[in-house]
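Note that the working numbering has the sequence shown beginning at 275, numbered continuously upward. Ideal placement from N, C-alpha and C gives every residue a C-beta, glycine not left out. Please read the structure below before turning to the comments.
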Amino acid sequence: MKFTKGHTVIIASVSIVLIIGIIVTFYACRPEAQSRRTLAVSIQPQRFLLEQIAGKYYDVVSLLQDGANPEQYEPSMNNVMALEQCDAYFMVGHIGFEAAILNRVTVSRPDLKVCDTSAGINLINTPHGTAAGDPHVWASVRNARIMAQNMLAALVELDSKHESYYRRQCLALLKHLDELDNDITMRLDSCGNKAFVVWHPALSYFARDYGLTQIAIEDASGKVSQQRLRQVIDQAREQRAKVFFYQKEFDKRAVEAANQEIGSQLVEFSPMAYDWYDEMLKISQAIRNNSR
Ligand SMILES: [Zn+2]
275 MKFTKGHTVI IASVSIVLII GIIVTFYACR PEAQSRRTLA VSIQPQRFLL EQIAGKYYDV
335 VSLLQDGANP EQYEPSMNNV MALEQCDAYF MVGHIGFEAA ILNRVTVSRP DLKVCDTSAG
395 INLINTPHGT AAGDPHVWAS VRNARIMAQN MLAALVELDS KHESYYRRQC LALLKHLDEL
455 DNDITMRLDS CGNKAFVVWH PALSYFARDY GLTQIAIEDA SGKVSQQRLR QVIDQAREQR
515 AKVFFYQKEF DKRAVEAANQ EIGSQLVEFS PMAYDWYDEM LKISQAIRNN SR
């Protein structure tokens, strides 16, 4: 069959109508997608906190996903675009990639509002990779309290119209955090054994909050020498550490070998997971259950 010029015009018109139809249907199904403004955070636990305060008015996007390693992270083009399009960026504060990505984005978005969610947190001064202090501030209920208040202050500046709403939401969140903190405190107070092992030292602030001893296999620069491994295993045995926290991203065989020598119980945890509340509970429960 040969197309005349008239046929081609008709087919082209039908195609255009179809395409427009598809586009209209697509957006009609997701009316929110185009109108919602976004806030960016670095990691999922921050998304968990910020959504509870601002989720009614903003979508919150996390630059890193659950299993990502923030210390060796290279920002992607998608990350840069997410920051270029958001209304404000809530950084953790002391993770190496954050300064790098901000340098790139402030060229195209010099007006971007940036909130350092760790402002006011009493940093543990262990140098860690490129960071001056221990960057894992979010793995602490008490630090999360400060982070939530920093988030609130930034939101009130950004969108003062909804100030009273944000304040109410933040208060409710703080109440929840206080309950969680009390719950964990009670759980761990009566704990006979306060030492635990972790492959990567992600729980320094958690340990500080509850008077626990974190024994980390990796040193602060992320290295494990044979000599260090020996020392750490000896220390863990001496202090009768009964729980060994590991992240599934790490080499399971090395974890199992060290765990066997220590005689502890392996517990998987995800310090970067969205379910931050459950992770905090799980860590405290594991320490408590294995301390008897
Ligand atoms: Zn780390």
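Hey, could you find the ends of the alpha helix (DSSP H) residue i is sitting in?
| i | result |
| --- | --- |
| Cys360 | First-last for Cys360: undefined, no H or E at that position. |
| Thr380 | Gly370 to Ser382 |
| Ile491 | Here Ile491 belongs to no alpha helix (DSSP H), and DSSP marks it neither H nor E. |
| Asp483 | Ser478 to Asp483 |
| Trp533 | Before going on, a small fix: residue 533 reads as Asn here, not Trp. Run containing Asn533: Lys526 to Ile536, per the alpha helix (DSSP H) assignment. |
Can you tell me whether DSSP reads residue i as helix, strand or coil?
| i | result |
| --- | --- |
| Glu542 | strand |
| Lys449 | helix |
| Val517 | strand |
| Val506 | helix |
| Ile557 | helix |
| Tyr570 | Beyond the ends of the chain as shown, which are 275 and 566, falls residue 570; an answer cannot be given. |
| Ile458 | helix |
| Val430 | helix |
| Tyr332 | strand |
| Lys387 | strand |
| Ala307 | Any reading at Ala307 must be qualified, since the residue scores a pLDDT of 49, below 50, and its modelled position is unreliable; the value itself is stated next. Residue state, collapsed to three classes: helix. |
| Asn564 | coil |
How is the beta strand (DSSP E) around residue i delimited, first residue to last?
| i | result |
| --- | --- |
| Phe322 | Unbroken run through Phe322 is the alpha helix (DSSP H), Gln318 to Ala328; no beta strand (DSSP E). |
| Val315 | Arg311 to Val315 |
| Ala342 | Neither: Ala342 is in no beta strand (DSSP E) and is coded neither H nor E. |
| Val472 | Ala469 to Val472 |
| Val498 | It is not in any beta strand (DSSP E) - Val498 carries neither H nor E in the DSSP assignment. |
Any heavy atom of ligand 1 closer than 8 Å to the CB of residue i?
| i | result |
| --- | --- |
| Glu553 | no |
| His474 | yes |
| His368 | no |
| Glu345 | yes |
| Pro409 | yes |
Which residues in the same chain as residue i place their Cβ atom closer than 7 Å to its Cβ, once the five residues preceding and following it in sequence are excluded?
| i | result |
| --- | --- |
| Lys468 | Gly485, Leu486 and Thr487 |
| Asn343 | Glu523 |
| Ser558 | Ile458, Arg461 and Leu462 |
| Met425 | Leu323, Leu324, Ile327, Phe364, Cys389 and Thr391 |
| Gln509 | Ile489 |
| Ser565 | Cys465, Gly466, Asn467 and Lys516 |
| Asp493 | Arg502 |
| Glu372 | Ser316, Met365 and Val366 |
Can you find the residues in the same chain that come closer than 6 Å, C-beta to C-beta, to residue i, ignoring five residues on each side of it along the sequence?
| i | result |
| --- | --- |
| Asn533 | Phe518 and Leu540 |
| Ile561 | Phe470 and Val517 |
| Tyr551 | none |
| Leu429 | Ala328 and Tyr440 |
| Ser382 | Glu358 |
| Gly394 | Ile420 |
| Arg310 | Asp333 |
By Cβ distance, which residues of its chain are closer than 8 Å to residue i, with the 5 residues on each side in sequence left out?
| i | result |
| --- | --- |
| Arg378 | Pro349 and Val354 |
| Gly341 | Gln521, Lys522, Glu523, Ser544 and Met546 |
| Arg321 | Val315, Val334, Val335, Ser336 and Tyr548 |
| Thr400 | Gly407, Asp408, Pro475, Ser478 and Ala494 |
| Lys387 | Asp361, Ala362, Tyr363, Ala428, Glu431 and Leu432 |
### Given 8 Å, three or more beta-carbon pairs between the segment 429-436 and the segment 502-510
no
### Message
Tell me whether the segment 441-456 and the segment 464-481 touch, counting them as touching only if at least three CB pairs, one residue from each stretch, are closer than 8 Å.
### Response
no
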